[in-house]
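If you read the protein sequences in the order shown, they are chains A and B.
Using our numbering, you'd call the opening residue of the first sequence number 194 and step up by one each time.
Using our numbering, you'd call the opening residue of the second sequence number -17 and step up by one each time.
Report on the structure given below.
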Amino acid sequence: MIRYIVRRLLQAIPLLLIISIVVFALLQGSGDPLAMMGGRRTVRPEDRERLARILGLDQPIYIQYVYWLVGNDWVKIDTDGDGLGDTPGARKGILRGDFGSSLVIRGKPALDIILERVPNTLILMVPAEIVILLASLAIGIYSAIRQYSWVDQAVTTGSFIGYSMPIFFIALASMYLFAVNFRKWGLPYLPTVGMFDPKVGKTFGQVAIHLVLPIFSMAVISISGWSRYIRSQMLEVISQDYIRTAYAKGLSERKVLVRHALKNAAIPMVTLLGIEIPFLLGGAVVTETIFGWPGMGRLFMDHLTRSDTPVVMGILMLISFAVVICQLLTDIVYGWLDPRIRYD
Amino acid sequence: MRTMKTTFALIIVATLLLTSCGGGAEPAEPKIITIAWTQEPNSLNRSYSSMWYMAALIQLYSCSPWQFDENNEAYAYMLTELPTISEDGLTVTMRLRDDLVWSDGAPLTSDDFLFTYDMITDPGNTVDSVYPYDMFTVAAPDAQTVVLTFAEVFTPWMATIWSGTVMPKHILQPVFDAEGSIDTAEWNLAPTVGCGPFTFVAWESGSYLQFDRNENFWGAPAKLDSVIFQFVPDDAAQTAALLAGDADVGFWPPYEDIPAFQDAGLLVVTEPSGYNEGWFFNFRDMASVGIRDLNVRKAIAMALDRGSNTALRLDVVGVTETFWDAMPAYVDPTITPWPYDPNAARTLLETSGWIDRDGDGIRENADGVLLTITQGNTNKTERQNYQALAQQQLLAVGIDLNIQSFESDILFDSFSDGGPAAIGALDIMQWSDVPAFPDPDSSYWLCDQMPSDDNPYGFNYFGCDETLDALFRQQVSTVDPAARAAIFHQITKYMYENVYYLGIWEDGDVWIVNPRLTGYKFSGVTPFFNIMDWDLVP
């Protein structure tokens, strides 16, 4: 098993390198980071030229990539525009742990910007995933074992409604109902935006109450999809011979469902989870934007629209790395769930 | 079933507990207001950010020699009087008040201005712009006097320099001495030492910015204890936050939400900011044959129902005609708006040889070239909606409007990278822009700003007209205000007659204010100029 893990990790190195090259190349075509530096006014050509030179944006794309990868502290930068390098570069490159400095928040390390947001995203996404997973399991299993009951029919109808609603609609509708209108009607109400009320501070109660609407919005859609998937997996498994055998041997329904049915139905779900978990790091762009949640999704969009390559590359590489690790973990979990799978 | 009921009851109780301990709290004792801010600044050092959402904040924690009031008139702020200018227009002298101090008690003197100038012009610092600091030198003959000497006359100096840029030398000089740059100075993101009526307290990325009253402020102390800028990137969420009372002030709401604010008893305050949404016409060689025909441009001006299209914006803003409509003194008074007259537009097109020969509804010239005009803008919904209306209205007179929209950083990409505006791929471009408001200067139509291989970042996407170029160069070096206004009358008339620019709507500032706030005023140049007078209803 250890040899397998080491082999997979070694295989990940060229994979991450290829990902970085592709993403870097794609980002170069996504716009000029200097174009919007003037705010609502057009940037003066002299300033654009000066900043391009100092920030290294006037270099060919492969040079920019090399600087991003291994740094530029081995070359001199032309800061005064006389065509000669006069100041040593300060970047060490991602291979030496330097993600570069943000082009938007000039001088601030991209990694610092990203790490500031990671905890906020996890505060939102981890509880949301737990709520989604638990509710989906409960609903999916119940629907499967009570197939065609009125509860199953109601859940099916609800799932289709929930799944067909766009997240921005659910988010705004819930915001207007529970925050704006509840307040107008004199009912206990929820806050509209933010992670906490700055007037009160970042307390557990504040964060908890600000989590309600974003999690609700994400959960409505995700539970609708996941519960249908779990229901169909469970239906397939509980019709198998070994389940009938388990019942025939006198095992209780709970034991049959949890030990035998759910464990086998979980294999495809683990695949999906393995793909989904690393993207928790990426946050939820729409939800975070609407609710003003200071997470990674918003950070990514804010910096992508300003072509801030160091920050965007940093986020994407972190997610890529997380995908590689989670896929490895997924494969290990397969082995635990299905004894037929061996890696040695 | 009993378990389900218990679970349900627990959820209800938890929800009630959460809601009662959070949003329903009684108003706190200190006077704190929350301003919904849809964009987060990228720096708090004015020299490192050109964002409007940053520039607007600086009146809280920073200071400027002069500010602009609610009539956008300049008044002395850190000075004993407005700066004096020499007869030749080359020397500007500022006399600082002698009681100026930084929030940590250190005196604020002319040395800080000299240091600021040095930092902006030093090549080791990647400030956003050195304009127009590269056009003058600074001297500090004594602690209260700052003298600027220009190499040549530069009339828009008052609108373009020292706007919240002054940096504390005693904080930043050691950083510069140690690192040769202030790019990474902590002060840029946490300016705990400032000279405004408030001081910086906290900036939580993506969440909020907080400023508390500056107890060492050299002017009258602020009445509010704290001002919080909460980042609310979504317009609809900003509206909800204002309606729910989670924010006291909002900026630039969607126009369609204004009736909802008024119904909720919130106040709508508009302020001219110099910005106008407009159509910039491309008359460069690579533009289409149609758009280079003056009669086609005139026909477009008359075929577009700007009045009705703008009325959809709930009468908060009006239609504009020229790039300088927010400064009427500089607009030729004989200019009358192009009327909405589709029949006159059709006649004009026909006299110019644009006739629908094949009956497909789109006109052609004698060579069979279709009258197809490419129009592009950023992909902001309001602009895309306007494009759709314009497309229908122009089609009614036989003009095919090919509409396109782009992300801003793609639309304004450089000539060498194929930016659509720079390479002349668009016949008409729409966005909101401003002269050096409240000064009328603009460089957009200068011939040496034409983008090319040699000048990839040039921003004259429209064309070179020698007459116009000469007028723009003349105005910027004309010291006499009356003579300068007369030149602008010529510029506005010339551009109007040649339809180089067509105003679409006035794009002033729109603020939503909770009536519990008092004493507030807004300026279109320095928005929070009287933030120290803001108060809450007792």
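All C-beta atoms in this analysis are idealised placements derived from N, C-alpha and C, irrespective of residue type, glycine included.
All values reported here derive from a predicted model rather than from experimental measurement.
Strictly by DSSP, which residues pair up with residue i?
{"i": "V311 (chain A)", "result": "None, per the DSSP bridge assignment."}
{"i": "S387 (chain B)", "result": "B:N359"}
{"i": "K269 (chain A)", "result": "A:P281"}
{"i": "A184 (chain B)", "result": "B:Q192"}
{"i": "A56 (chain B)", "result": "B:F50"}
{"i": "R237 (chain A)", "result": "Answer by DSSP bridge pairing: none, since R237 (chain A) is not bridged."}
{"i": "N505 (chain B)", "result": "With the sequence shown as reference, residue 505 (chain B) is identified as Ser, and Asn is not the correct amino acid for it. S505 (chain B) pairs with nothing; no bridge assigned."}
Taking C-beta pairs closer than 7 Å, name the residues in chain A that residue i reaches, listed in chain order.
{"i": "L225 (chain B)", "result": "V373"}
{"i": "S189 (chain B)", "result": "G387, M388, P487"}
{"i": "I14 (chain B)", "result": "K392"}
{"i": "D165 (chain B)", "result": "R299, G300"}
{"i": "Q49 (chain B)", "result": "Chain A residues near Q49 (chain B): none, gap ~19 Å exceeds 7 Å."}
{"i": "F213 (chain B)", "result": "G485"}
{"i": "G247 (chain B)", "result": "Near G247 (chain B) there are no residues of chain A at all, since even the closest Cβ is about 11 Å away, more than 7 Å."}
{"i": "D399 (chain B)", "result": "D225"}
Label residue i either buried or exposed according to how many other C-beta atoms from any shown protein chain fall within 10 Å of its C-beta, with 16 as the threshold for buried.
{"i": "M268 (chain B)", "result": "exposed"}
{"i": "S390 (chain B)", "result": "buried"}
{"i": "K442 (chain A)", "result": "exposed"}
{"i": "S29 (chain B)", "result": "buried"}
{"i": "G506 (chain B)", "result": "buried"}
{"i": "P253 (chain A)", "result": "exposed"}
{"i": "D421 (chain B)", "result": "buried"}
{"i": "S92 (chain B)", "result": "buried"}
{"i": "W343 (chain A)", "result": "exposed"}
{"i": "T181 (chain B)", "result": "buried"}
{"i": "K280 (chain B)", "result": "buried"}
{"i": "I206 (chain A)", "result": "exposed"}
{"i": "R424 (chain A)", "result": "buried"}
{"i": "Y43 (chain B)", "result": "buried"}
Ordered along the chain, which non-local residues of its own chain (more than five positions away) have a Cβ less than 6 Å from that of residue i?
{"i": "A121 (chain B)", "result": "V129"}
{"i": "K301 (chain A)", "result": "S295"}
{"i": "T508 (chain B)", "result": "Q41, Q49, F50"}
{"i": "V479 (chain A)", "result": "I360, F361"}
{"i": "I534 (chain A)", "result": "Y527, G528"}
{"i": "Y258 (chain A)", "result": "F217"}
{"i": "T139 (chain A)", "result": "This structure gives no information on residue 139 (chain A), because the portion of chain A shown stretches from 194 to 537."}
{"i": "Q386 (chain B)", "result": "G358"}
{"i": "D323 (chain B)", "result": "M284"}
{"i": "G232 (chain B)", "result": "A18, Q220, L224, I494"}
I'd like the list of long-range same chain contacts for residue i, defined as Cβ closer than 8 Å, with 5 residues on each side in sequence excluded.
{"i": "I262 (chain A)", "result": "Note on identity: in this sequence residue 262 (chain A) is Leu, with Ile being the wrong assignment. For L262 (chain A), where only same-chain residues beyond five positions count, the Cβ hits under 8 Å are S213, G286, I287, L288."}
{"i": "D307 (chain B)", "result": "N258, V313, G485, E488"}
{"i": "G4 (chain B)", "result": "Since pLDDT at G4 (chain B) reaches only 44, below the 50 mark, its modelled position is unreliable, and no value is offered."}
Closer than 7 Å by C-beta to residue i: which residues in its own chain qualify, once you throw out the five before and the five after it? Chain order, please.
{"i": "V449 (chain A)", "result": "I436, A439, Y440"}
{"i": "A403 (chain B)", "result": "L393, F394, M411, Y443"}
{"i": "A326 (chain B)", "result": "M284"}
{"i": "V324 (chain A)", "result": "I408, A412"}
{"i": "M368 (chain A)", "result": "T385, L406"}
So which residues on chain A does residue i lean against when the C-beta distance must stay under 9 Å?
{"i": "Y30 (chain B)", "result": "I298, R299, G300"}
{"i": "I385 (chain B)", "result": "Within chain A, no residue comes near I385 (chain B); the closest Cβ sits about 20 Å away, beyond 9 Å."}
{"i": "A219 (chain B)", "result": "A364, L365, M368, T385, V386, T482, I483, F484, G485"}
Show which residues of chain B have a CB atom less than 7 Å away from the CB atom of residue i.
{"i": "S500 (chain A)", "result": "D391"}
{"i": "L370 (chain A)", "result": "None at all; the shortest Cβ gap to chain B is about 10 Å."}
{"i": "G224 (chain A)", "result": "E389, D391, I392, D395"}
{"i": "E242 (chain A)", "result": "Y439"}
Check the Cβ of residue i against every Cβ in chain B and list those closer than 8 Å, keeping chain order.
{"i": "M230 (chain A)", "result": "S32, D110"}
Closer than 9 Å by beta-carbon distance: list the chain B residues that pair up with residue i, in chain order.
{"i": "E309 (chain A)", "result": "E186, S187, G188"}
{"i": "L248 (chain A)", "result": "T108"}
Any heavy atom of the ligand FAD closer than 6 Å to the beta-carbon of residue i?
{"i": "Y439 (chain B)", "result": "For the ligand FAD, the structure offers nothing, since it holds no ligand at all."}
Which residues of chain A have a Cβ atom closer than 8 Å to the Cβ of residue i, listed in chain order?
{"i": "A222 (chain B)", "result": "L365, M368, Y369, A372, V373, T385, V386"}
Using a Cβ-Cβ cut-off of 7 Å, state whether residue i counts as contacting chain C.
{"i": "T464 (chain A)", "result": "No chain C is present in this structure, whose protein chains are A and B."}
Review point. Would the segment 167 to 187 of chain B and the segment 493 to 500 of chain B be scored as touching if the rule is three or more Cβ pairs under 8 Å?
Key: The answer is no - the segment 493 to 500 of chain B does not touch the segment 167 to 187 of chain B, with fewer than three Cβ pairs under 8 Å.
Check your understanding: Is there contact here, the segment 310 to 323 of chain B with the segment 468 to 487 of chain B, by at least three beta-carbon pairs under 8 Å?
Key -> Cβ pair count under 8 Å is three or more, so yes.
Exercise for review: Would you check if the segment 371 to 387 of chain A and the segment 221 to 239 of chain B touch, i.e. whether three or more CB-CB distances between them fall below 8 Å?
Suggested key: Verdict: yes, contact present.
Check your understanding: Between the segment 110 to 124 of chain B and the segment 238 to 249 of chain A, are three or more C-beta pairs nearer than 8 Å?
Key -> Counting Cβ pairs under 8 Å, three or more are found: they touch.
Point to revise | Touch test, the segment 419 to 436 of chain A against the segment 450 to 463 of chain A, Cβ-Cβ under 8 Å, three pairs minimum | key: Note that the segment 419 to 436 of chain A touches the segment 450 to 463 of chain A; at least 3 beta-carbon pairs, one per stretch, sit closer than 8 Å.
Point to revise | Sufficient close CB pairs (3 or more, under 8 Å) joining the segment 204 to 212 of chain B to the segment 12 to 28 of chain B | key: Between the segment 204 to 212 of chain B and the segment 12 to 28 of chain B, the count of C-beta pairs closer than 8 Å reaches three or more; the two stretches touch.
Check your understanding: Does the segment 330 to 338 of chain A come within contact of the segment 393 to 402 of chain A, defined as at least 3 CB pairs closer than 8 Å?
Key -> The segment 330 to 338 of chain A vs the segment 393 to 402 of chain A: no contact.
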